[in-house]
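A short worksheet on the structure shown next.
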Ligand code: GLN
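Numbering (our numbering), first residue to last: 2 to 273.
Structural data, given as structure tokens:
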């Protein structure tokens, strides 16, 4: 017989990972475990947890094992077809919301939406906004659409597009994106969770700036006068990205810091 506390202690996992996976196997919230630490696990639950712990020790991300991740207060489904939403991307959402008055209609575009995290967070926080999430991956679009349905969000739609290629004519008030930006030679691609995530969501190849350059250069044709483009980028790419915005004629170019004080988002307003 194994108790809840023993299963966690003997799993060989970080305590937080073990708790999340055991709660998932039991179908209970993580807080339940504390009050039931001495309860015996049913054999099938113990076996299900052992299988999950095994995969976690093999490196698979917890979010793919449970199939969910919290982002901006929303519970999102995630699969290995999409990047796992990161806390630092909430900085991009917060910045976009600053440019979207709560009581005003607006058109918003999220490029490379993946699970739909950014588009869904904006649609949820700004019910009067019409949000479009775009991705070239049909599998990602299926995950994003299922998330929108589960959350009951009707002011968001997901469309197939390769950056702006496939986006219908019309002007947006805010365009956002968290494109792949890791350089092809970056060792992080071979480490941790990143090994299991879609390569195309992490790196555009080369120096990592290609997708950002494509978006920054093409966005003015899709932005209304005075509208904002805001993109997430790597911790060491702020200078290069600000130079792209300047070269493409944006005004009010802003560097936005994440909670760790790192410039993670650069934004600009469409010039005339
Ligand atoms: N922020 C992710 C990471 O460094 C990368 C996401 C991306 O390339 N857009 O793990």
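All C-beta atoms in this analysis are idealised placements derived from N, C-alpha and C, irrespective of residue type, glycine included.
Just so we're clear, the structure is a prediction, and the values are computed from it rather than from any experiment.
Three-state secondary structure (DSSP) at residue 130?
In the three-state scheme derived from DSSP, where H, G and I count as helix and E and B as strand, residue 130 is classed as strand.
With H, G and I counted as helix, E and B as strand and the rest as coil, what does DSSP make of residue 95?
Residue 95: helix per DSSP, three-state reduction.
Complete runs of the beta strand (DSSP E) confined to the stretch 196-247 [at least 3 residues]
As far as the stretch 196-247 is concerned, its whole beta strand (DSSP E) runs of at least 3 residues are 224-233.
For residue 230, is the beta carbon positioned less than 7 Å from some heavy atom of the ligand GLN?
Residue 230 Cβ: outside cutoff for every heavy atom of the ligand GLN.
For residue 166, name the three-state secondary structure that DSSP assigns.
In this structure, residue 166 counts as strand in the three-state DSSP scheme.
Whole-angstrom C-beta distance between residue 154 and residue 125, which should lie under 8 Å:
At roughly 6 Å, the Cβ-Cβ gap stays under 8 Å, so residue 125 and residue 154 are in contact.
Round the Cβ separation of residue 232 and residue 243 to the nearest angstrom and send it over; I've been treating them as touching at under 8 Å.
The Cβ separation is near 11 Å, so there is no contact.
Express the C-alpha separation of residue 23 and residue 59 in angstroms, rounding to a whole number.
If I take the Cα positions, the gap works out to 17 Å.
For the ligand GLN, any of its heavy atoms closer than 7 Å to the Cβ of residue 152?
For residue 152, the shortest C-beta to heavy atom distance toward the ligand GLN is 7 Å or greater.
Candidates 197, 107, 16, 34: closest to residue 66 by CA position
Of 197, 107, 16, 34, the smallest CA-CA separation from residue 66 is found for 197.
Does the distance between the C-beta of residue 210 and the nearest non-hydrogen atom of the ligand GLN fall short of 7 Å?
Checking the Cβ of residue 210 against the ligand GLN gives no.
At the level of alpha carbons, what is the spacing between residue 5 and residue 64?
Spanning the two alpha carbons is a distance of roughly 21 Å.
C-alpha gap between residue 94 and residue 41, whole angstroms
Each residue's Cα considered, the two are about 43 Å apart.
Considering only the alpha carbon of each residue, which of 252, 115, 193, 257 lies closest to residue 142?
Checking every option, the nearest Cα to that of residue 142 belongs to 115.
Return the bridge partner residues of residue 269 from the DSSP annotation.
230.
Pull the bridge partners of residue 264 from the DSSP assignment, please.
Under DSSP, residue 264 forms a beta bridge with 258.
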